[in-house]
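Protein chains in written order, with this note's numbering: chain Z, 593 to 954; chain L, 973 to 1213.
Glycine included, C-beta positions come from ideal geometry on N, C-alpha and C.
As the structure is a prediction and not an experimental result, all values here were calculated from the model.
Step one of this worksheet: look at the structure below.
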């Protein structure tokens, strides 16, 4: 019998692809930045983490784990034994989106593969799937097809509240907390593996949102007997507190994953054309504050998050460096931005007074 | 009136201090560690630093580690010139007056790591030219600058890893030109209140050193100004062309 992983320095896998910034953190806390000149091997108890980068890890049994941007996976326990029933693989998906394809060499009995998220456990049977975990631990699991479009296997997603089995290609379930039942399996239409990334955190597929809503409604509709009596009935909820206000977007609404870190050249060209056209677009304003060529909230073209803070207007951009401008709401400022994927002017009010020029290059 | 106080002189292998009679000059030549230097200059036209305060001067030859500077110049047209080499050192500097000139280069003959600068300037038409790490490597700089006054000129070039600047500028027509250069973490936080400011911020993050995971640049501006012109150049490279 041989036991790979029992000695800390023994590698259990390799990083076979990577782009951008990513790290491997050893059990002792040593952080290793991955670069073309330095690609560490994977060891037991490593934590793989991407920043604005991606990586693909291949384990000794050819199991593959790929991480998109801002993803973190703890490789807890990987043992390979000549007897697959004695081999084991345990990983914890901490944050972000990762894709796992079990090894084709059959070195690990599938029953011994234990994959965990903060709110769910995943049992696999010859499977290729993705999992997306947000900051609150909420988990979205999607079963992927094999090369012929058939189900790559079967997934059981479970926690202390219940379980669901995914059997069809692109079948998905979402788990909101460790004590809430996974949503029923729902097949997401018009999906490809390439479309699965951290945007799922920001905007889950409509089918999932519908299923969550149905589940919430089911919970509400459960007959609770005496508890159905509303002793606190009042009409204040008739007031629409969620009426749209452009300035309701705050720094708490800034989603760092909105940033597009991997810009395709063709996308850049298209974006530049679109941006140029946008220079004529509408002036948006609330009260005495007016913006031209931008809107409050996240601006997909310029990648600015624009929001109000203490009566001032904040322009926040976090792509290849962070820029945060805080300007008086009555200031008249032209912000000229020259960055990869966007060139244009944003006007705060008339933009005729002060000038801010931002140039960002790799 | 000039008041000069040098502290912990007993720890210094050598200190040469000369005070010219015509323009109140203090020249310092010092080698050794754990210097604590306290200087208060009050008056007009005081000078601290170079031996003859000209471009051909041999500078303020201070070399050591764990140095501590506490320098106050109160009055107009005071000068603080010098080049020095110091690691793990702290600087508390204060100017109160107009038309003062500060021209310092830290890290002239060796590395200047772990520096902590706390600078307060109150007055108009002051000029500050501060360089660190351009000739030798430097890491970890914490630089806090507070200015109350108008028509001041600041030229700050720092080539160091792990840099945090906090600038708080109040006054009109101030001219600020900064360069953060070298790999690693770079952060500048500027609060600007005053009209007609001219601000240039250049931040070159470079390439992450092995083992560094937060290699990034952060620029935060809080601006209250009319007729300001602000240029921000943020580049993921050490090349500033």
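By Cβ distance, which residues of its chain are closer than 6 angstroms to residue i, with the 5 residues on each side in sequence left out?
i: residue 1154/L; result: 1131, 1132, 1133, 1178
i: residue 1123/L; result: 1096, 1097, 1145
i: residue 1074/L; result: 1052, 1100
i: residue 907/Z; result: 896, 898, 917
i: residue 1071/L; result: 1048, 1049, 1097
i: residue 738/Z; result: 744
i: residue 1198/L; result: 1167
i: residue 1194/L; result: 1163
i: residue 735/Z; result: 721, 747, 758, 763
i: residue 1088/L; result: 1062, 1114
i: residue 1165/L; result: 1142, 1196
i: residue 1159/L; result: 1136, 1190
i: residue 779/Z; result: 760, 762, 763
i: residue 1005/L; result: 1036, 1037, 1038
i: residue 1020/L; result: 998, 1052
In the DSSP output, which residue or residues are listed as bridge partners for residue i?
i: residue 1157/L; result: In DSSP, residue 1157/L forms no bridge with anything.
i: residue 1116/L; result: 1090/L, 1138/L
i: residue 1207/L; result: 953/Z, 1176/L
i: residue 889/Z; result: 898/Z
i: residue 656/Z; result: 650/Z, 693/Z
i: residue 680/Z; result: 671/Z
i: residue 1061/L; result: 1087/L
i: residue 776/Z; result: Per DSSP, none; premise fails for residue 776/Z.
i: residue 1054/L; result: 1076/L
State buried or exposed for residue i, treating a residue as buried only when at least 16 other CB atoms are found within 10 Å of its CB.
i: residue 728/Z; result: exposed
i: residue 802/Z; result: exposed
i: residue 740/Z; result: exposed
i: residue 641/Z; result: buried
i: residue 902/Z; result: exposed
i: residue 941/Z; result: buried
i: residue 619/Z; result: exposed
i: residue 781/Z; result: exposed
i: residue 860/Z; result: Low confidence applies to residue 860/Z: its pLDDT is 41, below 50, so where it sits in the model is not reliable, and the reading given next is rough at best. Exposed, by the Cβ-count rule.
i: residue 703/Z; result: exposed
i: residue 776/Z; result: exposed
i: residue 771/Z; result: exposed
i: residue 1207/L; result: buried
i: residue 891/Z; result: buried
i: residue 622/Z; result: exposed
i: residue 596/Z; result: Legend: pLDDT at residue 596/Z = 43, less than 50; position of this residue unreliable, value from coordinates given subsequently. Counting Cβ neighbours within 10 Å, residue 596/Z comes out buried, since at least 16 surround it.
i: residue 635/Z; result: buried
i: residue 629/Z; result: exposed
i: residue 754/Z; result: exposed
Less than 8 angstroms between the C-beta atoms of residue i and residue j, yes or no?
i: residue 774/Z; j: residue 749/Z; result: yes
i: residue 747/Z; j: residue 716/Z; result: yes
i: residue 921/Z; j: residue 881/Z; result: yes
i: residue 1126/L; j: residue 1149/L; result: yes
i: residue 1135/L; j: residue 1093/L; result: no
i: residue 559/Z; j: residue 612/Z; result: No statement about residue 559/Z is possible, as the shown extent of chain Z runs from 593 to 954 and does not include it.
i: residue 676/Z; j: residue 700/Z; result: yes
i: residue 614/Z; j: residue 626/Z; result: yes
i: residue 1173/L; j: residue 1190/L; result: no
i: residue 714/Z; j: residue 686/Z; result: no
i: residue 659/Z; j: residue 688/Z; result: yes
i: residue 914/Z; j: residue 1188/L; result: yes
i: residue 1008/L; j: residue 1060/L; result: no
i: residue 638/Z; j: residue 617/Z; result: yes
i: residue 1110/L; j: residue 946/Z; result: no
i: residue 707/Z; j: residue 683/Z; result: yes
i: residue 904/Z; j: residue 919/Z; result: yes
With a cut-off of 8 angstroms on the beta carbons, I'd call residue i and residue j a contact; round off their distance for me.
i: residue 1147/L; j: residue 1170/L; result: 5 angstroms
i: residue 925/Z; j: residue 948/Z; result: 6 angstroms
i: residue 1046/L; j: residue 1069/L; result: 6 angstroms
i: residue 1056/L; j: residue 1080/L; result: 6 angstroms
i: residue 767/Z; j: residue 731/Z; result: 5 angstroms
i: residue 998/L; j: residue 1034/L; result: Contact doesn't hold; Cβ gap of about 12 angstroms is too wide.
i: residue 1108/L; j: residue 1084/L; result: 7 angstroms
i: residue 663/Z; j: residue 690/Z; result: 5 angstroms
i: residue 1105/L; j: residue 1076/L; result: 12 angstroms between Cβ atoms; not a contact.
i: residue 712/Z; j: residue 751/Z; result: 5 angstroms
Can you list, in chain order, the residues of its chain with a C-beta nearer than 8 angstroms to that of residue i? Leave out the 5 residues immediately preceding and following it.
i: residue 1090/L; result: 1062, 1063, 1064, 1065, 1116
So, at 7 angstroms on beta carbons, what are the nonlocal neighbours of residue i in its own chain, with the 5 sequence-adjacent residues on each side left out?
i: residue 608/Z; result: 648, 650
i: residue 1058/L; result: 1034, 1036, 1037, 1039, 1078, 1084
Any beta carbon of chain C sitting closer than 8 angstroms to that of residue i?
i: residue 1196/L; result: Protein chains in the displayed structure are Z and L, and chain C is not among them.
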